[in-house]
Amino acid sequence: MTRFQLSEPQHLILGSACQRPDGYIFPVEHAFKGGAVGNVCKSLLARGLIEEICCAAPDVVWRYDEALGPLTLRATPLAYSALGLRDDEASLLTSSGVHSYAIPKDNRAEQLIDLLREPGGVSMADIQTATGWQAHSIRSLISGVLKKKMQLPVQTLRQSGAGCRYLLADA
């Protein structure tokens, strides 16, 4: 299961969003001082835990884009994982009517995270076969998105003569 270290404000904002049927961040239910909400949302956006989407309701607008119009923020499937909600737990919440979500398999980071969860890790060749991506794209996604932005503990296991294997340390 993917785990993130979240600050208390990040956890409060994501927790509230994940309990809503639409997964929206706004309106924020907790009182924060100054520009804390904006700063927390920016950090969650950078880590891929929330995403910007178009919206029509004025009470959930995050910002206005000239080309797209009003935008709001919504928790991504990665947010549910960061809070420790697994697919089976999410389906329990769905059956109780509290919340529903689905992990889109077209998300590159999620595809790679699924592969890195394999016991013993996964080789570059295996990742290329499973995804059809080139090696430089995979290395970029691992170092830039997974390690830096999402702060995931991805390990590189170097084997003499056999190449590298990549492993999500908390898998």
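Residue numbering for the sequence shown follows this note's numbering, beginning at 1 and increasing consecutively.
Just so you know, even glycine gets a beta-carbon here, dropped at the ideal spot from N, CA and C.
Every value quoted in this text rests on a predicted model; they were computed, and no experiment measured them.
Starting from the C-beta of residue i, find all residues in its chain whose C-beta is less than 6 Å away, skip the five residues before and the five after it, and write them out in chain order.
i	result
histidine 30	Leu12
isoleucine 138	Ile127
Considering only residues of the same chain and omitting the five flanking positions on each side of residue i, which have a CB-CB separation below 8 Å?
i	result
alanine 109	Gly48, Leu78, Leu141, Val145, Leu146 and Met150
valine 61	Phe26, Cys55, Pro70, Leu71 and Thr72
Could you have a look at residue i and say whether DSSP puts it in helix, strand or coil?
i	result
cysteine 54	strand
alanine 75	strand
aspartate 65	strand
threonine 139	Reading off the sequence, residue 139 comes out as arginine, not threonine. Reduced to three states, the DSSP call for arginine 139 is helix.
leucine 116	helix
serine 81	helix
Taking its Cβ as the centre, do 16 or more other Cβ atoms sit within 10 Å of residue i, making it buried, or is it exposed?
i	result
threonine 72	buried
proline 27	exposed
threonine 156	exposed
glutamine 10	buried
leucine 152	buried
In angstroms with no decimal places, state the Cα-to-Cα distance between residue i and residue j.
i	j	result
tyrosine 80	glutamine 111	16 Å
leucine 167	leucine 115	9 Å
glutamate 51	aspartate 65	14 Å
serine 7	glycine 163	37 Å
arginine 74	serine 123	33 Å
arginine 63	glycine 161	52 Å
valine 40	leucine 14	10 Å
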